[in-house]
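Visitor:
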Amino acid sequence: MPTRPLILISNDDSLIAPGIAHLVQLMRELGAEVVVVAPASPQSGMGHAITIGHPLRLDKSDRFGPDVEAYACSGTPADCVKIAKHYILKDRRPDLVVSGINHGSNSSVNVLYSGTMSAAIEAAIEGLPAIGFSLCEYGDEADFSHVGPWVLEVCRQALAHGIPAGTALNVNIPKNAAGPIQGIRLARQARAKWQESFEQRQDPYKRPYYWLLGDFVNQDRGLDTDEAALAEGYVSVVPCQFDLTSYQALGEMAQAWQLALPSGAPAATPPQPMASEDYGPASQ
622 MPTRPLILIS NDDSLIAPGI AHLVQLMREL GAEVVVVAPA SPQSGMGHAI
672 TIGHPLRLDK SDRFGPDVEA YACSGTPADC VKIAKHYILK DRRPDLVVSG
722 INHGSNSSVN VLYSGTMSAA IEAAIEGLPA IGFSLCEYGD EADFSHVGPW
772 VLEVCRQALA HGIPAGTALN VNIPKNAAGP IQGIRLARQA RAKWQESFEQ
822 RQDPYKRPYY WLLGDFVNQD RGLDTDEAAL AEGYVSVVPC QFDLTSYQAL
872 GEMAQAWQLA LPSGAPAATP PQPMASEDYG PASQ
């Protein structure tokens, strides 16, 4: 790792969100060289969408001061990481990619919808160590005053010890009003879902439109989950992968399904862990 690490920052709440300003300041406290590429407008709930039918535009910004190279990108969080790696940074490889700090929780199933985590996961796909940070408090007036020590601790550990290749860390931090944070806990993703409905409303011209509503339902009573950690006042850290294969289902289906498979077809098995060098070039 270079003496002064290079850290790429993105998010989904846009370049002007308070959360990303806090993250920039914290990465500067680490002594890092910081480059920011974030959406020009809010992209919450965009998941891993990418722009393929329209041009991307970049506008340079001085929002974080003259010593922070920053850009507003017209695309999605995943677009931001792609264009940062392949165009803005070119041959320079970040030592760490951090996304956030999101205004609202991205624990459990929310990771699938999260633009914040999609920026981090895109970085992992690109072979870069990545972390997504979220504060479990919504709104522009969210209180970020307590997050610093926990964000810095996770980033220092990642810079010192690395993150397993092909993995992005999903870090959620309890809100300040919930009481003192008890520590940091490695956890698994809780099995939960949104119980959803659509409410029909009318615009001023009496035309119907529909508003998605929902209640978060935690179906997991395990004590080792991110939801359990957050409920007990801990920062939760969940290692996430982008291989969505269910290897348990694969094994069960291979035994139970009567499929006419080609003779000599190889059996599907979990891949062997890959070394970090298999995911990208060494740091420059």
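Note that the numbering used here has the sequence shown beginning at 622, numbered continuously upward.
Backbone N, C-alpha and C fix where the C-beta goes; we use that ideal spot for every residue, glycine too.
Remember, predicted model here, so these are calculated numbers, not experimental data.
Count the other CB atoms, across all protein chains shown, that sit within 10 Å of the CB of S631; report buried if there are 16 or more and exposed otherwise.
Guide: By one-based count along the sequence shown, residue 631 stands at place 10. Buried, because 16 or more other Cβ atoms sit within 10 Å of the Cβ of S631.
Visitor: Do V702 and V645 come within 8 Å of each other at the CB atom, strictly closer than that value?
Guide: Position 24 of the sequence shown, counting from 1, holds the residue named residue 645. Position 81 of the sequence shown, counting from 1, holds the residue named residue 702. Contact flag unset, no.
Visitor: What does the alpha-carbon distance come out to for the pair R777 and R678?
Guide: For this step, residue 777 is matched to residue 156 along the sequence shown. For this step, residue 678 is matched to residue 57 along the sequence shown. C-alpha separation (whole angstroms): 33 Å.
Visitor: Classify L636: buried if its beta carbon has 16 or more other beta carbons within 10 angstroms, exposed otherwise.
Guide: Here residue 636 refers to the residue found at position 15 when the sequence shown is read from its first residue. Per the 10 Å Cβ criterion, buried.
Visitor: Please name the residue, chosen from F837, G854, F765, that lies closest to L844 on a Cα-to-Cα basis.
Guide: To locate residue 844, count along the sequence shown from 1; it is residue 223. L844 has its Cα closest to that of G854, out of F837, G854, F765.
Visitor: Identify whether Y708 lies in helix, strand or coil by the three-state DSSP scheme.
Guide: For the purposes of this step, residue 708 is taken as residue 87 along the sequence shown, with counting starting at 1. The DSSP-derived three-state label of Y708 is helix.
Visitor: Are P698 and G666 close, meaning C-beta to C-beta below 8 Å?
Guide: As a first step, residue 698 must be located in the sequence shown, where it is residue number 77. As a first step, residue 666 must be located in the sequence shown, where it is residue number 45. Result no, Cβ atoms of P698 and G666 do not sit closer than 8 Å.
Visitor: Quick check on C757: does DSSP put it in helix, strand or coil?
Guide: For the purposes of this step, residue 757 is taken as the residue at position 136 of the sequence shown. Three-state DSSP puts C757 in coil, outside helix and strand.
Visitor: Could you check if W878 is buried or exposed, using at least 16 other CB atoms within 10 Å of its CB as the buried criterion?
Guide: Mapped onto the sequence shown, residue 878 falls at position 257. Exposed: under 16 other Cβ atoms inside 10 Å.
Visitor: When DSSP labels each residue in this structure, what does D700 get in the three-state scheme?
Guide: Residue numbering aside, residue 700 sits at position 79 when the sequence shown is read from its first letter. In this structure, D700 counts as helix in the three-state DSSP scheme.
Visitor: Would you mind giving the Cβ-Cβ distance between P785 and P860, rounded to the nearest angstrom? I have them listed as a contact below 8 Å.
Guide: The residue given as residue 785 occupies position 164 in the sequence shown. The residue given as residue 860 occupies position 239 in the sequence shown. Sure, about 7 Å apart at Cβ, within 8 Å.
Visitor: Just tell me which of L851, L790, V772, G787 has its CA closest to the CA of G911.
Guide: No answer is possible for residue 911: it lies beyond the span of the chain, which begins at 622 and ends at 905.
Visitor: Do H724 and S638 count as a contact pair if the criterion is CB distance below 8 Å?
Guide: Indexing the sequence shown from 1 puts residue 638 at position 17. Indexing the sequence shown from 1 puts residue 724 at position 103. Before going further, note that residue 638 is Ala rather than Ser in the sequence given. Result yes, Cβ atoms of A638 and H724 sit closer than 8 Å.
Visitor: Could you please give the first and the last residue of the uninterrupted beta strand (DSSP E) stretch that includes I805?
Guide: The count along the sequence shown starts at 1 and reaches residue 805 at position 184. From DSSP, the beta strand (DSSP E) with I805 extends over 804-807.
Visitor: Three-state secondary structure (DSSP) at L880?
Guide: On the sequence shown, residue 880 is found 259 positions in, with the first residue counted as 1. Note: L880 maps to coil in three-state DSSP.
Visitor: From E743, A744, G769, pick the residue whose C-alpha is nearest to that of P795; which is it?
Guide: Locating residue 795 in the sequence shown gives position 174, counting from the first residue. With distances taken between Cα atoms, P795 lies closest to G769.
Visitor: So, using beta-carbon positions, are L627 and P715 closer together than 8 Å?
Guide: The sequence position of residue 627 within the sequence shown is 6, counting from 1. The sequence position of residue 715 within the sequence shown is 94, counting from 1. Yes, Cβ-Cβ distance for L627 and P715 is below 8 Å.
Visitor: Just confirm the distance between the C-beta atoms of G696 and P663, as a whole number of angstroms; I'd bet it's less than 8 Å.
Guide: Residue numbering aside, residue 696 sits at position 75 when the sequence shown is read from its first letter. Residue numbering aside, residue 663 sits at position 42 when the sequence shown is read from its first letter. About 13 Å; that fails the 8 Å criterion.
Visitor: Which same chain residues end up closer than 8 Å to Y831 when comparing Cβ atoms and leaving out the 5 residues on each side of it in sequence?
Guide: As a working note, residue 831 is residue 210 in the sequence shown. So the qualifying residues of the chain are F819, E820, Q821, R822.
Visitor: Helix, strand or coil: how does DSSP classify Y831 here?
Guide: Working through the sequence shown from its first residue, we reach residue 831 at position 210. Of the three classes helix, strand and coil, the one that applies to Y831 here is strand, per DSSP.
Visitor: Considering just the uninterrupted stretch of the beta strand (DSSP E) at T788, what are its terminal residues?
Guide: Sequence index remark: in the sequence shown, residue 788 carries index 167 (1-based). Counting along the chain, the beta strand (DSSP E) containing T788 begins and ends at 788-794.
Visitor: Could you compute how far the alpha carbon of A563 sits from the alpha carbon of H782?
Guide: Beyond the ends of the chain as shown, which are 622 and 905, falls residue 563; an answer cannot be given.
Visitor: Using only CA atoms, which one of A888, Q862, Q840, M648 lies nearest to L790?
Guide: If you number the sequence shown from 1, residue 790 lands on position 169. The shortest C-alpha separation from L790 is found at Q862.
Visitor: Run through DSSP, which three-state label would S720 get?
Guide: Counting from one through the sequence shown, the residue named residue 720 turns up at place 99. Three-state result, S720: strand.
Visitor: Tell me whether L677 sits in a helix, a strand or coil according to DSSP, three-state version.
Guide: Taking the first residue of the sequence shown as position 1, residue 677 is located at position 56. Looking at L677 - three-state DSSP - the assignment turns out to be coil, as it is neither helix nor strand.
Visitor: Can you list, in chain order, the residues of its chain whose CB lies under 7 Å from that of I746, leaving out five sequence neighbours each side?
Guide: In the sequence shown, residue 746 corresponds to position 125, counting from 1. Within the same chain, I746 has close Cβ partners F863.
Visitor: When DSSP labels each residue in this structure, what does V772 get in the three-state scheme?
Guide: Within the sequence shown, the letter at position 151 stands for residue 772. Three-state result, V772: helix.
Visitor: Hey, could you find the ends of the alpha helix (DSSP H) E743 is sitting in?
Guide: Indexing the sequence shown from 1 puts residue 743 at position 122. From DSSP, the alpha helix (DSSP H) with E743 extends over 736-746.
Visitor: Tell me, to the nearest whole angstrom, how far the beta carbon of R812 is from that of D841; I am working on the premise that it is less than 8 Å.
Guide: Counting from one through the sequence shown, the residue named residue 812 turns up at place 191. Counting from one through the sequence shown, the residue named residue 841 turns up at place 220. At roughly 4 Å, the Cβ-Cβ gap stays under 8 Å, so R812 and D841 are in contact.
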